[in-house]
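Protein sequences, first through last, are from chains U and G. Note that numbering that gives the first Met the number 0 numbers the first sequence so that position 103 is 102, with each residue one more than the last. Note that numbering that gives the first Met the number 0 numbers the second sequence so that position 152 is 151, with each residue one more than the last. By construction, the Cβ of each residue, glycine as well, lies at the ideal position given by its N, Cα and C atoms. If you're wondering where the values come from, they're calculated on a predicted model, not measured in any experiment. Everything on this sheet refers to the single structure shown next.
Protein chains: 2
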Amino acid sequence: MATEKKLDVVILGLLSHENMSGYDIKKRIENSLSLFWGASYGSIYPTLKELVNKGLATRADELDKGREKAVYSITDRGKKHLASWLEQPASRDEIRYESLLKVFFGSQAGTKQAIEHIQRLEANAKVELGNIKSSIANLEAVLDSDENHLYYLLTAKFGEMFYTACIDWCCKSNEILEKIGGGN
Amino acid sequence: MATEKKLDVVILGLLSHENMSGYDIKKRIENSLSLFWGASYGSIYPTLKELVNKGLATRADELDKGREKAVYSITDRGKKHLASWLEQPASRDEIRYESLLKVFFGSQAGTKQAIEHIQRLEANAKVELGNIKSSIANLEAVLDSDENHLYYLLTAKFGEMFYTACIDWCCKSNEILEKIGGGN
DNA sequence: TTATAATATATCATACTGATATATTATAAA
DNA sequence: TTTATAATATATCAGTATGATATATTATAA
């Protein structure tokens, strides 16, 4: 069956918060879900068509500042579909870290290169952690206004813990490799 | 271009440690890389053929206890290909956690369901952490015998930190949700 | 004015999954 | 001893997604 299709329910979830266009959905995924999920235009637009065909969403063409825009809304059937997915246990929890792959094969390239991969990972984690910390500050400021904010805050805190632990691992690993890798 | 192909270099990396069959490669990935990378037979076998066609690996048919087996070895060109990938910065470091997706959409299903997802995540993380801890103990015992063990140990320690932090997040999130979710 | 960024959607080659199929050998259970 | 089940070993394919590319319009900065 290939990986069980998830993008339909991700989009339905976002539409359950707010009506959106495909373009809006992409931005929302990048801003709020990117820590633990992603999606490309190449799958978002076909999935939106499919949702309309199945009666899980409806499309309304709007004119926003002279520019055409298709805004999608979740239907009652869409809400039921979303709810039935939400009650199932998650079936895909995984990490894909090419950096770790390169560390794993470190003996082929030498200590120096492994250190470089770890330092890039650390630098990136620091940027992400900075972004997440300001998200958390913003969310905590508006926490009572919308129930969704609480759940968003919890996932942001997951990101905070992940990148904090990741940076810590990078430091320790660096130390170990610096110690043994005088030459190579 | 779709996701840049990575399985070729993953397999070359494993073959740089040891000659292996497709079946062996699958097991090795499950045992040693599954924390941060995965692969299915449906991609491993075609990739092995491709590696042979490109002259990056060679195939030798062996008879192991009356059972046919194709054992692959990395070539010099394969080693160069692996080395040139290893010196590039990683281009794919990501998490795909459906559990977090379900937490994010928690307001649609209610506090109780969100707690259930988090508890399943915690239970799974505890199992993984147990496995990783025994791996680490084994690796630390044989550390000087093979340079690869050090890099394997580093990635295992990444897993240890990840699942430890994950369990911690689950506990804290659980508490928060239990507090507010008396009813729903 | 001119270039660049942002908005908005569409298409497609390529990569990979997970299911299914097939066949053999090893091992545990009846 | 038969019988079932697990492990070894490989192959195929529909379905799901990525990321690159293309196109067109409006907004903004140089």
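Extent of the continuous alpha helix (DSSP H) run through residue 110/G: Here residue 110/G refers to the residue found at position 111 of the second sequence. Looking at the DSSP string, the run of the alpha helix (DSSP H) that includes residue 110/G is 110-140.
Exposed unless 16 or more other CB atoms sit within 10 angstroms - verdict on residue 73/U: Residue numbering aside, residue 73/U sits at position 74 when the first sequence is read from its first letter. Classification of residue 73/U: buried, given that the 10 Å Cβ count is 16 or more.
Distance, residue 146/U Cα to residue 94/G Cα: What you label residue 94/G is simply residue 95 of the second sequence in a count that begins at 1. What you label residue 146/U is simply residue 147 of the first sequence in a count that begins at 1. One C-alpha to the other measures close to 25 angstroms.
Residue 155/U versus residue 120/G - alpha carbon distance: Locating residue 155/U in the first sequence gives position 156, counting from the first residue. Locating residue 120/G in the second sequence gives position 121, counting from the first residue. One C-alpha to the other measures close to 16 angstroms.
Contacts of residue 118/U in chain G (Cβ-Cβ under 7 angstroms): Here residue 118/U refers to the residue found at position 119 when the first sequence is read from its first residue. Ordered by position in chain G, no residue passes the 7 angstroms Cβ test against residue 118/U, which lies about 10 angstroms from the chain.
Any 3 or more C-beta pairs closer than 8 angstroms across the segment 77-94 of chain U and the segment 54-71 of chain G: no
Selection from 158/G, 101/G, 115/G, 86/G that minimises the alpha carbon distance to residue 170/G: Here residue 170/G corresponds to residue number 171 of the second sequence, with the count starting at 1. Closest by alpha carbon: 115/G.
C-beta neighbour in chain G for residue 250/U, strict 7 angstroms: Summary: the structure shown does not reach residue 250/U, with chain U confined to residues 0 through 183, and so no result is reported for it.
Three-state class that DSSP yields for residue 69/G in the structure shown: Counted from its first residue, the second sequence places residue 69/G at position 70. It is a strand residue.
The segment 94-108 of chain G / the segment 91-105 of chain U touching (three or more Cβ pairs under 8 angstroms): yes
Runs of alpha helix (DSSP H) lying entirely within the segment 26-53 of chain G, each at least 4 residues, in chain order: 40-52
Counterpart residues of residue 19/U in DSSP-defined beta bridges: Walking along the first sequence from the start, residue 19/U turns up at place 20. BP columns for residue 19/U point to 71/U.
Inter-stretch contact (C-beta, 8 angstroms, three-pair minimum) for the segment 38-47 of chain U and the segment 11-25 of chain U: yes
Assigned secondary structure, residue 183/U (DSSP; H/G/I helix, E/B strand, else coil): Position 184 of the first sequence, counting from 1, holds the residue named residue 183/U. In this prediction, residue 183/U has a pLDDT of 49, which is less than 50 and means its spatial position is unreliable; what the coordinates show is noted afterwards. Residue 183/U falls in the coil class under three-state DSSP.
Among 125/G, 122/G, 157/G, 12/G, nearest to residue 135/G - alpha-carbon criterion: For this step, residue 135/G is matched to residue 136 along the second sequence. That would be 157/G, whose Cα lies nearest to the Cα of residue 135/G.
Check whether residue 108/U and residue 85/G have beta carbons under 7 angstroms apart: Your numbering for residue 108/U matches position 109 in the first sequence. Your numbering for residue 85/G matches position 86 in the second sequence. Their beta carbons are under 7 angstroms apart, which means residue 108/U touches residue 85/G by this criterion.
Cα-Cα separation between residue 138/G and residue 150/G, rounded to whole angstroms: Taking the first residue of the second sequence as 1, we reach residue 138/G at position 139. Taking the first residue of the second sequence as 1, we reach residue 150/G at position 151. Their backbone Cα atoms lie some 10 angstroms apart in a straight line.
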